[in-house]
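Written out below as structure tokens is the structure these notes cover.
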Amino acid sequence: MSGSTESRQECQIAEILQFSCEVQPKGRGFQQIHCFPVPRLLMLCQGHPAVEITRVVKMDPATGEVNVPPDILQRLPKAKEWKHATRSRS
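Residue 41 in the UniProt record's numbering sits at position 41 of the sequence shown, with consecutive numbering throughout.
Dropping the structure here:
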């Protein structure tokens with residue numbers, strides 16, 4: 001993403017809601033599953049891979065209002081399309 005040629009107006013914010021679940025013993029061999037929502041925010045800019053921005057924006061959990069910093073495009077990591085991703089070898 002180039003910050004100088006692309007503006008935030010050309011990008012959209014999308015939210016996905018994932019769940020993290022834990023299995024807890026309930027007694028007598030029964031188990032209970034507890035799931036907790038984990039909201040994720042993505043910035044979608046035309047011609048570029050989606051980038052998760054959850055950690056760089058401020059979100060009000062009560063209202064769902066998202067405050068996106070004006071310099072977001074400069075703060076985001078460089079993203080790669082999946083076809084260009086390589087596996088690191090340890």
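Don't be surprised by glycine CBs; every beta carbon is placed ideally from N, CA and C. Values in this document were obtained by computation on a predicted structure and should not be read as measured data.
{"Query": "Thinking C-beta only, is residue 56 closer than 7 Å to residue 28?", "Result": "no"}
{"Query": "Below 7 Å between beta carbons: does that hold for residue 59 and residue 66?", "Result": "yes"}
{"Query": "In or out: residue 17 buried (at least 16 other Cβ within 10 Å) or exposed?", "Result": "exposed"}
{"Query": "List the residues that DSSP assigns as beta-bridge partners of residue 40.", "Result": "16"}
{"Query": "What do you reckon, are the CB atoms on residue 39 and residue 22 nearer than 7 Å?", "Result": "no"}
{"Query": "Taking residue 19 as the reference, give the member of 36, 31, 32 with the closest Cα.", "Result": "36"}
{"Query": "Hey, how far is the Cα of residue 25 from the Cα of residue 13?", "Result": "39 Å"}
{"Query": "Rounding to the nearest angstrom, what Cα-Cα distance links residue 72 and residue 51 in this structure?", "Result": "11 Å"}
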